[in-house]
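Below: one structure, written as structure tokens.
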Amino acid sequence: MAYDGELVQRIRELLTDDLDVTDKRMFGGIAFLTGGRLAVAASRYGGLMARVDPEDSETLILRDGVARMEMGGREMTGWLRVDQEQLDDEQLVEWVERGLEVARSQPPKHG
0 MAYDGELVQR IRELLTDDLD VTDKRMFGGI AFLTGGRLAV AASRYGGLMA
50 RVDPEDSETL ILRDGVARME MGGREMTGWL RVDQEQLDDE QLVEWVERGL
100 EVARSQPPKH G
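If you read the sequence shown in numbering that gives the first Met the number 0, its first letter stands for residue 0, the second for the next number, and so on.
This is the structure:
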């Protein structure tokens with residue numbers, strides 16, 4: 000399955016004023032990074048891959064259409080998958096802002 004081009008465009012529109020955010024093909028989707036740290040991605044499996052504070056994960060997965068992110072059969076701490084149906088404009092803004100906040104709280108990656 001390919002990533003959702005419309006979702007990518009919606010994320011780009013939210014980030015037009017964020018000069019420190021770049022996008023890059025990763026994991027078969029399009030990832031959005033700040034300081035070299037991945038914040039969110041339009042997943043090749045559909046929906047959004049979102050970086051979150053691990054302490055918030057237990058509460059956030061109680062929401063409809065939100066699940067722990069797994070890659071290669073391994074649970075990814077601090078990452079959640081959000082179904083496309085749960086990404087109206089307001090919800091998308093919340094997830095993108097959350098991802099950026101967590102990514103920006105990490106030291107920048109160089110190289």
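C-beta atoms are modelled at their ideal positions from N, C-alpha and C, and glycine is treated no differently.
From residue i to residue j, what does the alpha carbon distance come to, in whole angstroms?
| i | j | result |
| --- | --- | --- |
| Tyr2 | Arg24 | 10 Å |
| Leu79 | Val51 | 7 Å |
| Lys108 | Thr76 | 19 Å |
| Val95 | Arg73 | 23 Å |
| Val92 | Gly4 | 17 Å |
| Pro53 | Gln105 | 13 Å |
| Gln8 | Asp22 | 11 Å |
Would you list the residues sitting across from residue i in a DSSP beta bridge?
| i | result |
| --- | --- |
| Trp78 | Arg50 |
| Arg62 | Paired residue(s): none; Arg62 is not in a bridge. |
| Val20 | Thr33 |
| Arg73 | Met70 |
Using a 10 Å radius around the Cβ and a threshold of 16 neighbouring Cβ atoms, would you call residue i buried or exposed?
| i | result |
| --- | --- |
| Ala66 | exposed |
| Met48 | buried |
Ends of the beta strand (DSSP E) at residue i?
| i | result |
| --- | --- |
| Leu99 | No beta strand (DSSP E) holds Leu99; the alpha helix (DSSP H) holding it covers Asp88 to Arg103. |
| Gly28 | Gly28 to Thr33 |
Which residues mark the beginning and the end of the alpha helix (DSSP H) in which residue i is found?
| i | result |
| --- | --- |
| Arg43 | Segment: none, Arg43 is in no alpha helix (DSSP H) and carries neither H nor E. |
| Lys12 | One point to set straight first is that residue 12 is Glu, not Lys, in the sequence displayed. Note, Glu12: alpha helix (DSSP H), Gly4 to Leu13. |
Would a C-beta distance cut-off of 8 Å place residue i and residue j closer than the cut-off?
| i | j | result |
| --- | --- | --- |
| Leu6 | Ala41 | yes |
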